[in-house]
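With UniProt numbering applied, the sequence shown corresponds to residues 1 to 192, in that order. For every residue, glycine included, the Cβ atom is placed at its ideal position computed from N, Cα and C. Model, not experiment: these values are computed from the prediction. Take a look at the structure below.
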Amino acid sequence: MTPLSQDTLVSRKLMTGFARDFTGRECTEMSFDRGAVFRSRLVSSLVDLCNVDHRFTTAYHPLANGLTERFNKTLADMLSMYVDAEQKNWDEILPFVTFAYNTAKQETTGFTPFYLLHGREAETTLDTMLPFCPNDFDDNNITKIAARAEESRQLARVHTLRAQDRDRRRYDSKHQMVSYALPEISYGFIPQ
């Protein structure tokens with residue numbers, strides 16, 4: 001059996017994740033680092049097929065993708081609490097740690113990431129042990145649940161904008177603005 005190429009593996013992971021998380025939802029852009037696998041024809045074609053804008057972060061500048069870098073730090077901190085002494089079991093505990101992150105209420109939005117993505121809270125082991133109540137799932141109630149989920153997403157956007165404004169004001173109060181004259185343009189090199 002021939003091993004799969006890196007771009008094939010990334011494409012499969014992108015497609016399964018995209019189909020699972022964004023089917024029927026609006027996803028207009030995806031940001032990638034400048035790794036060769038993300039610039040491959042296969043990955044580019046797949047992203048184009050999903051009708052999504054394919055964007056790249058600035059090379060060697062992690063701040064260009066600050067949200068991802070912040071999540072990676074949080075994830076690494078969480079993993080460090082549970083990984084064994086040899087640090088070899090991180091891949092086994094990763095699904096549990098990401099589930100914990102996705103089901104924890106976020107201070108900025110006021111909601112769990114899982115709820116904002118799926119419109120309902122995640123079912124835990126305890127939830128599956130309790131009796132199921134089918135009366136909650138008539139057509140009218142499903143419409144209400146979907147409307148409530150959309151209202152929650154809108155509210156999360158408002159909370160996020162407020163938090164960003166608060167953080168911007170805090171940053172601006174401590175930092176001096178630097179302005180550049182027009183000829184001071186910098187150029188970047190993008191390796192092919």
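Opening and closing residue of the alpha helix (DSSP H) in which residue i lies
{"i": "GLU69", "result": "66-82"}
{"i": "ARG120", "result": "Neither: ARG120 is in no alpha helix (DSSP H) and is coded neither H nor E."}
{"i": "PHE99", "result": "90-102"}
{"i": "SER45", "result": "41-49"}
Residue i - DSSP class collapsed to helix/strand/coil
{"i": "GLU29", "result": "strand"}
{"i": "PHE114", "result": "helix"}
{"i": "VAL178", "result": "coil"}
{"i": "MET1", "result": "The predicted position of MET1 is uncertain, since its pLDDT is 48 and thus under 50; no value can be drawn from it."}
{"i": "SER11", "result": "helix"}
{"i": "PRO62", "result": "helix"}
{"i": "ILE190", "result": "coil"}
{"i": "GLN106", "result": "coil"}
{"i": "GLU86", "result": "coil"}
Proximity winner among the options, relative to residue i (alpha-carbon distances)
{"i": "ALA146", "options": "PHE38, TYR171, HIS118", "result": "HIS118"}
{"i": "THR124", "options": "ASN102, TRP90, ALA76", "result": "ASN102"}
{"i": "VAL10", "options": "CYS27, VAL47, SER186, THR28", "result": "VAL47"}
{"i": "GLY188", "options": "TYR82, ARG70, ALA59", "result": "ALA59"}
{"i": "LEU67", "options": "PHE99, LYS13, CYS50, ASP33", "result": "ASP33"}
{"i": "ALA156", "options": "TYR115, GLU86, ARG169", "result": "TYR115"}
For residue i, the first and last residue of its enclosing beta strand (DSSP E)
{"i": "ARG55", "result": "53-56"}
Cβ-based neighbour list, residue i, same chain, cut-off 6 angstroms, excluding 5 preceding and 5 following
{"i": "GLY17", "result": "none"}
Whole-number beta carbon distance between residue j and residue i, since they are thought to touch under 8 angstroms
{"i": "SER152", "j": "PHE111", "result": "6 angstroms"}
{"i": "residue 196", "j": "MET30", "result": "The structure shown does not extend to residue 196, since the chain is modelled only from 1 through 192, so no value can be given for it."}
{"i": "THR108", "j": "ALA163", "result": "4 angstroms"}
7 angstroms Cβ shell around residue i - same chain, five flanking residues per side excluded
{"i": "ASP7", "result": "VAL37, SER40, LEU42, VAL43"}
{"i": "ASP77", "result": "none"}
{"i": "VAL52", "result": "CYS27, THR28, GLU29, MET30"}
{"i": "VAL83", "result": "ASN89, TRP90, ILE93"}
Chain-order list of residues whose beta-carbon lies under 8 angstroms from that of residue i (same chain, five-residue window excluded)
{"i": "GLN106", "result": "THR112, PRO113"}
{"i": "THR98", "result": "LEU75"}
{"i": "LEU63", "result": "GLU69"}
{"i": "ASN65", "result": "SER31, ASP33, THR57"}
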